[in-house]
Amino acid sequence: MWLRAQHHPQAAARASGTGLSGGLFLAEGELVLGELLRSRHEVVSVLVASNKIERVSPLLAGLRPETPVFVGSPGMIERIVGYDLHRGVLGCGRACPPPPLSDVLRGAKMLVVLENLANHDNVGGVFRCVRAMAGKAGAVLLTRGCCDPLYRRALRVSIGHALHVPWTWLEDWPGDLDRIAGAGFEVLALAPGAKAEEIGRIARPQRFCLLAGAEGPGLSRSALKRAGRVVRIGMDAAVDSLNVTVSVGVALHALRPAVE
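Following the numbering used here from start to finish, the sequence shown increments by one per residue and tops out at 262.
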């Protein structure tokens, strides 16, 4: 029962949370487990299918000696977990608490703020974009309407990069935008529309905060009102918008020279 509770994705908690209690989360697959091992988060245990143990043995050599590694037949793994997206390799991690907002603002040059983005694929994709485009200069801030970036699906889509990108929750929304602007970040709201400035034509700020909303509703009026500028991605007239992950990636690439 302990093993099942550690590694089963339906082990309680709210739908937008990690799916596990006590700060635990699942790292699905060899690539994500590798990122977990290279991160600051604790590895609680590892579950490996018997036909994969030889392949992942070099990776497991990086574990602490006291970290348990459970090996089972592929059929047993399937019964425990209930799906096969992990390809026979799962890690159970314990997350470090998110840092206070002040620490994130102090250490970043580029921020992405996600407003009510509840889609796990999109949240995970944004974290992957932030690490690719900003590296150590990037961070992500999330309103409480967002899903947890360490939820198993979001973490898998991020390829584990959500374990490295600094992030925290915004507890005073949209008031925290005033605090972000006061810390020296130019607040840019990413939104379609003829009145928005094309992002490729603006002067690249040294420190910026890019706001992105959920697909469909987009950013709230209160968030748009607090933005210093509203920017858009230039595209063919036959297409009115892009997926939020793609939009964030394109926007960060356009602004990237300022944070290299």
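All C-beta atoms, glycine included, are put in the ideal place defined by N, C-alpha and C. This structure is a prediction, so every number in the text was calculated from the model and none was measured.
Limits of the unbroken beta strand (DSSP E) element including residue i
i	result
residue 112	112–117
residue 72	71–74
C-beta contact flag for residue i and residue j at 8 Å
i	j	result
residue 226	residue 193	yes
residue 232	residue 198	yes
residue 159	residue 127	yes
residue 200	residue 234	yes
residue 41	residue 165	yes
residue 263	residue 167	Residue 263 lies beyond the stretch modelled for the chain, which goes from 3 to 262, so this question has no answer here.
residue 230	residue 190	yes
Straight-line Cα distance separating residue j from residue i
i	j	result
residue 69	residue 60	15 Å
residue 11	residue 83	Reliability fails at residue 11, whose pLDDT of 39 lies under 50, so the model's placement of it is uncertain and no value is given.
residue 55	residue 34	16 Å
residue 180	residue 63	47 Å
residue 137	residue 258	10 Å
residue 145	residue 27	20 Å
residue 214	residue 32	30 Å
residue 77	residue 205	57 Å
residue 207	residue 38	33 Å
Cβ-based burial, residue i [other Cβ within 10 Å; buried from 16]
i	result
residue 98	exposed
residue 174	exposed
residue 53	exposed
residue 24	exposed
residue 241	exposed
residue 251	buried
residue 102	exposed
residue 141	buried
Opening and closing residue of the alpha helix (DSSP H) in which residue i lies
i	result
residue 170	Counting along the chain, residue 170 falls outside any alpha helix (DSSP H), though it belongs to the beta strand (DSSP E) covering 169–172.
residue 213	Segment 210–215 is the beta strand (DSSP E) holding residue 213; no alpha helix (DSSP H) there.
residue 246	246–257
Near the ligand MG: residue i beta-carbon under 7 Å from a heavy atom
i	result
residue 217	Of the ligands one can find in the structure shown there are none, so the ligand MG has no counterpart to examine.
Contact the stretch 146–154 vs the stretch 240–247: 3+ CB pairs below 8 Å: no
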